[in-house]
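Numbering (the numbering used here), first residue to last: 137 to 565.
Positions of the beta carbon are idealized from the N, C-alpha and C atoms, including for glycine.
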C-alpha cells in the first residue's frame, strides 16, 4: 500500500533539511510527531498535530512565470532576525545545474538577492502566488544579485512522483554525453541530410538502460516525436527554446520514451525505459553516516559530493584536485556498485612513517586486485594472507605494509584517536 501525502505540508529545499534529525519551528517548543521525506532537491515535512496548523495560511502554487515578471523572495537571511523581503524580476528561464542535487533541471534566474538563509524560502509573483522555492545564488566578483529558484513544475513533479510511486524516485535522464551539430561540415560527415537536425552521442553510460540501444556517434533526431535542433534545444513556449533534457525531466523513473536516431545514414527508432543517473561519484549519501575503513592508520573512504564539500568547502568545484574533479564531471561507472575509493588521510603512527602526506589519493588495486568499491577493498584486506599488503595508488605511488604488523597496529591507532571501530557499520555485514 502506497503512503499517502498529508493535505498540509511544509516544502523546503533539501539544503535546509539534509542530515537534520528533527525540524524546529519558532512557534513550537514541544515534541510533535511528524513525517519527513527528503529528495535530492526538495524536502517535505508534515506535522500530525492539528493544533499546529491553526492560524496557518497555505500558499497557492502558480504556473511558470514569464520573463520580466516580478518576483518577491521571502526568508530569513543573514543580517538580522526578522523576516526579509527582496524583489526583482525573472531574467532567465533555462536548464540549470542544481548544486545540491548535482543534476540539471528547469530553473528560474532572478535578479533579487538570495543570501545565506534565504534558501528554502518561497518566491511569489505580484499576485502573491508562489512560483517557486529559492535555492541558490551565483557568487562571483563580477556579478551581483543573481539568484535561482526551483520553479513550480519541478516542485509538482516531486510531489506527484511521491504520490505515484510511494517514494521519491528522482528525475530520469538519458545516460549519454552529447555534442552539438551546428557545424555544416560535421553534419555532412555524419551523413545528415539538409533537413535533418539533432545532436551526436559522444558517450553512453555503461549502467544506463540506453546502453543496450544507443551507440557513440548516433545522431539523436527526436525525443518522443519532438524534433531536436542542432544546438540541442526543443520548442518551449511563446517562441522560446530550451535544452531537450527538459523533455526528459518531465517524465518519471520507469517511463518509456521513443527516441529516433540516425546511424550510418539510416534512421532507427528505439523505445527506451528511463532511469536516474548512477554516478561514479555519488551526489548524496542517504540515510546513513559516510562509510570508512581504517587499517594501519590509513583511512579509506568512497568519494561523494558531500565528501568533496567537507574536504574542500562549498567551492569544491574550484578547489578540489583536478583529477578528482575530472572523475566527478566525466567518469562513468562501469557497474552499479562501482565507487571511487581514496586514502582520505593517514593517522600518523610508527607503522606509516613516510606515508603521512598521502591525502585524497585514489586506490587502484590491493595486492594486484583492482578495487571496485570500498566493500571490495575491505574484503581484500581483511582476507589477505600474503606477507605484505600492497596498495597501488594513482600517480604510480605504492604503499607497502607488513600484513600482520599493519593489522596489529590498527587497534592502538584507533584507541589513540578515540575511534570506536575500524570500519563503519555498513561494511561489517
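- Spatial neighbours of residue 305 in its own chain (CB-CB distance under 8 Å, excluding positions within 5 residues in sequence) are listed in chain order as 297, 388, 389, 390 and 412.
- Membership of residue 296 in the alpha helix (DSSP H) is indicated by the continuous run 288-301.
- The beta carbon of residue 449 lies closer than 8 Å to those of 455 in the same chain, with the five residues before and after it left out.
- Inclusion of residue 477 and residue 435 in the CB contact set at 8 Å is not warranted, their separation being larger than that value.
- A Cβ-Cβ separation of about 10 Å leaves residue 516 out of contact with residue 499 under the 8 Å criterion.
- The DSSP-derived three-state label of residue 429 is strand.
- Inter-residue distance for residue 358 and residue 340 is about 17 Å (C-alpha atoms, whole angstroms).
- Each residue's CA atom was taken as its position, placing residue 496 and residue 480 some 4 Å apart.
- Shown here for residue 463: same chain residues with a beta carbon closer than 7 Å to its own, the five before and five after excluded, namely 416, 417 and 476 in chain order.
- Selection 267, 262 and 263 evaluated against residue 245 yields 267 as nearest (Cα-Cα).
- For residue 540 and residue 288, the gap between their C-alpha atoms comes out near 59 Å.
- In the pairwise beta carbon analysis, the segment 391-400 is classified as touching the segment 312-332: at least three pairs are separated by under 8 Å.
- Annotated three-state conformation of residue 230 is strand, per DSSP.
- Check the Cα spacing between residue 254 and each of 263, 230 and 223: the tightest is with 223.
- With respect to residue 474, residue 408 sits apart: the two C-beta atoms are not nearer than 8 Å.
- In this structure residue 394 touches residue 360 by the C-beta definition: roughly 5 Å separates them, less than 8 Å.
- Beta-bridge annotation (DSSP): residue 204 is not paired with any residue.
- For residue 290 and residue 379, the gap between their C-alpha atoms comes out near 15 Å.
- Excluding the 5 residues flanking it on each side, residue 315 has same chain C-beta neighbours closer than 6 Å at 336 and 338, in chain order.
- Per DSSP, reduced to three states, the secondary structure at residue 390 is coil, with no helix or strand assignment.
- For residue 193 and residue 365, the gap between their C-alpha atoms comes out near 45 Å.
- Scanning its chain for C-beta atoms nearer than 6 Å, with the 5 sequence neighbours on each side dropped, one finds around residue 145 the residues 180 and 182, in chain order.
- Under the rule that a run must span 3 or more residues, the beta strand (DSSP E) segments found entirely inside the segment 359-409 read 369-371, 377-379, 392-399 and 402-409.
- Residue burial annotation: residue 488 is buried, with at least 16 other C-beta atoms found within 10 angstroms of its C-beta.
- The C-alpha of residue 147 lies about 7 Å from the C-alpha of residue 178.
- Residue burial annotation: residue 242 is buried, with at least 16 other C-beta atoms found within 10 angstroms of its C-beta.
- If you keep only unbroken alpha helix (DSSP H) runs of at least 4 residues inside the segment 510-541, you get 510-518.
- With respect to residue 426, residue 437 sits close: the two C-beta atoms are nearer than 8 Å.
- Nearest to residue 403 by alpha-carbon distance, out of 550, 504 and 354, is 354.
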